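Engineer: Dumping the structure here so I can ask a few things about it.
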Amino acid sequence: MLDRLIRPLIDPPLNRLGRTLANTGVSANGVTGAGFALGLVAAVTIAVGAPGWALLPLLASRLLDGLDGAVARATRTTDFGGYLDIWCDFVFYGAVPFAFAVLDPANALPAAFLLLAFYVNGTSFLGYSIMAEKRGLTSQAQGVKSLYYSAGLLEGTETIVFFVLLCLLPGLFAPLAWGFGVLCLFTAVARVANARSLLT
5 MLDRLIRPLI DPPLNRLGRT LANTGVSANG VTGAGFALGL VAAVTIAVGA PGWALLPLLA
65 SRLLDGLDGA VARATRTTDF GGYLDIWCDF VFYGAVPFAF AVLDPANALP AAFLLLAFYV
125 NGTSFLGYSI MAEKRGLTSQ AQGVKSLYYS AGLLEGTETI VFFVLLCLLP GLFAPLAWGF
185 GVLCLFTAVA RVANARSLLT
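Residues 5 to 204 (the numbering used here) are what the sequence shown spells out, left to right.
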């Protein structure tokens, strides 16, 4: 929901930085890999009992997640780059709830529900992207992306804010996970309803 509001603010500085990095020979896939590694460092940091410290690699990983596309646009975009980016994102999104379950076994059930909600929402996201590609549908409302997907109540910006809240308030993981999971399911249902109206 917030992505289309945030993109016009963050894209210009990201694109400038992306051009600078591209001019030094940094590859988009290298930036994606670095962001992915930092995301996993954040998850491990949570799992070993330091969720507050996990904020540093977590936010750095999300910065690089936005920067890889800017580097690609400054050099050459590839289908594999887009594929790698979305794969790394989904692994990261799954690693954080799993890390909180490792941190405290009491978090296991809400973490499992959150992962289920991510799975359901992810399939609504990726399934729509496949059908949109088949029909030649495109949009830049969420910025220039390798995959076209319908907007939803919860997108990347909201998920980052949620993960930051989890790191700052780990004792509230359970209610936050249940609440965010419900909103994820709502987003998925809305995407399915939208797909039904556009793809039938």
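Ideal placement from N, C-alpha and C gives every residue a C-beta, glycine not left out.
Predicted, not measured: the structure shown is a model, and the values here were computed from it.
Which residues in the same chain have their Cβ closer than 6 Å to the Cβ of A178, if we skip the five residues on either side of it in sequence?
Structural biologist: P114
Engineer: Is A76 near A32, with beta carbons less than 8 Å apart?
Structural biologist: Note that the C-beta distance between A76 and A32 is below 8 Å.
Engineer: How long is the line joining the alpha carbons of V100 and G175, rounded to whole angstroms?
Structural biologist: Taking the CA atoms as reference points, V100 sits about 15 Å from G175.
Engineer: Taking the continuous alpha helix (DSSP H) assigned at D108, which residues delimit it?
Structural biologist: Unbroken run through D108: none, as it is neither H nor E.
Engineer: Am I right that L112 and A121 are in contact with their C-beta atoms under 8 Å? What's the rounded C-beta distance?
Structural biologist: Here residue 112 is Ala; the residue named in the question, Leu, does not match the sequence. Taking 8 Å as the upper bound for CB-CB distance, A112 and A121 are not in contact here, some 15 Å apart.
Engineer: From the DSSP output, in three-state form, read off A178 for me.
Structural biologist: helix
Engineer: If we ignore side chains and look at the alpha-carbon of each, how far apart do D72 and L63 end up?
Structural biologist: 14 Å
Engineer: Would the beta-carbon of Y123 fall within 8 Å of that of R195?
Structural biologist: no
Engineer: Suppose you measure from the CA of N19 to the CA of T79; what does that come to, to the nearest Å?
Structural biologist: 11 Å
Engineer: Look at the alpha carbon of M135 and the alpha carbon of G86, and state the distance between them as a whole number of angstroms.
Structural biologist: 17 Å
Engineer: To the nearest angstrom, how far is the alpha carbon of S128 from that of S65?
Structural biologist: If I take the Cα positions, the gap works out to 24 Å.
Engineer: Report the rounded CA-to-CA distance for L21 versus A110, giving the unit in angstroms.
Structural biologist: Cα-Cα distance, rounded: 42 Å.
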